[in-house]
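Colleague: There's a structure below that I have some questions on.
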Amino acid sequence: MRSVFIAIAMTFSAAFACGAETVSIQHRFGTTTIDGTPERVVSLSYIGHDYVLALGVVPVGLRYWYGPHPYGVWPWAQDALGDAEPAVIYGDIDVEQIALLEPDLILGQASGMTEREYNMLSTIAPTVAPLAEYGDYGTPWQVMHERIGIALGRADTAREQISALEERIAKLRQDHPEWQGSTGTVGWPVRIGAFAQQDIRGRLIADLGFAITPAVNDMVRGTNFYVIVPPETLEPIDTDILIWMDSPNPEAALDRIQLRPMMRAVREGREILIDEELSSAMSHSSPLSLNFALDYLVPVIVAAADGNPRTHARNAHAKTVGAPDE
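Just add 366 to the spot in the sequence shown (first one is 1) and you have the working numbering.
This is the structure in structure tokens:
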């Protein structure tokens, strides 16, 4: 994680130095200068409103990703939203809708924003595009939160929240030395796939001590973050823990994987099945959602990682595969 903060320091040194009303933030399309403290913020990232809300700012507009929740805000962030009713942007970036919101800041990290869209949005308000080096959707949560905190004039709060979450993760590593050097997979059972270590989901279990296998990482190209694993070659995901993200009828999907009973992870009870809410928390990968995810994921990892198929765990959002019904 130290390398992440070095990158932050290099990118934002001018912003830290100025300390108040004007900050400049670099991104893939250039540099954006923000004067004063924004009051009308539009978040175009599919997950960015989580970060904005964590910093105590309610956006006037946000981008809907998926899910049944009002305004696209999942339960871990609903208290921060309160009674606010932000405009919701569905589908593609709608420049006209955004202009009608009269924003004074547009946040476009993890948005898939093109340079043409950036140029149009920049005529409306200062617009922060993604960094080039992480692709559209792979920015580490620390970098993303730091950038958003600086843009909102809340860099100190962002750093405090980053430190608190990193300390929690470090404490979990300290409490579970047996995880260090182990392997892990975050995958999807319908069309068998796995998230690479550069992905926000893979990065979480890596931070806990579980390395994504080189076989998975080597299949990733460029800024891609997900690989399809051939059903006849499951070795890359036969790891010390195997987390299956939610899918339609997930247990039936697992049963359709013909070679799955031959996997060590299956024989030793190392599989974990997580529901839609916990899958979404890992996928949002924000300070709010990651704290939620750790609450429910860690107790089940403890049971799965011991390699004893008779050890089971279950809670409201996760269970070891084969855990008896309560």
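Beta carbons are placed, not taken as given, at the ideal position from N, Cα and C, and that holds for glycine.
Predicted model only: the values in this text are computed from it and were never measured.
1. DSSP three-state label for F395, please.
2. Could you name each continuous alpha helix (DSSP H) segment of 4 residues or more that falls completely within the segment 471-511, going from the start of the chain to the end?
3. Cα separation between I372 and A689?
4. Alpha helix (DSSP H) containing S655: first to last residue?
5. Just list the residues that DSSP pairs K685 with in beta bridges.
6. Which term fits Y456, buried or exposed, when burial requires 16 or more other beta carbons within 10 angstroms of its beta carbon?
7. Can you say whether A383 is buried or exposed, counting buried as having 16 or more other CB atoms within 10 angstroms of its CB?
8. Look at the alpha carbon of T397 and the alpha carbon of P404, and state the distance between them as a whole number of angstroms.
9. Under three-state DSSP, which class holds W440?
10. Between the Cα of H435 and the Cα atoms of Q444, R482, Y484, which residue gives the shortest distance?
11. Rounded to a whole number of angstroms, what is the C-alpha to C-alpha distance between D460 and L497?
12. Would you say the segment 579-587 touches the segment 609-623, given that touching needs at least three Cβ pairs under 8 Å?
13. Between L639 and P675, which are expected to be in contact by the criterion C-beta below 8 Å, what is the C-beta distance as a whole number of angstroms?
14. If you scan the segment 602-642 from start to end, which runs of the beta strand (DSSP E) of 3 or more residues do you find wholly inside it?
15. Flag I571 as yes when its Cβ comes closer than 7 Å to any non-hydrogen atom of the ligand ZN, and as no otherwise.
Modeller: Taking the structure as given:
1. coil
2. DSSP assignment within the segment 471-511 yields the following whole alpha helix (DSSP H) runs of 4 residues or more, N-terminal first: 481-488.
3. Any answer about I372 is weak, because its pLDDT of 37 lies below 50 and its placement is not dependable; what the coordinates show is given next. When rounded, the distance between both Cα atoms is 43 Å.
4. Residues 653-671.
5. L639, R680
6. By the 16-neighbour rule on beta-carbons within 10 angstroms, Y456 is exposed.
7. Interpretation of A383 is limited by its pLDDT of 40, a score under 50 that renders its predicted location unreliable; the figure taken from the coordinates is listed afterwards. By the neighbour-count criterion, in which a residue is buried when 16 or more other Cβ atoms sit within 10 angstroms of its Cβ, A383 is exposed.
8. 17 Å
9. Looking at W440 - three-state DSSP - the assignment turns out to be coil, as it is neither helix nor strand.
10. Q444
11. 21 Å
12. no
13. Not confirmed; about 15 Å, so no contact.
14. 607-610, 637-640
15. As far as ligands go, the structure on display features none, and thus does not contain the ligand ZN.
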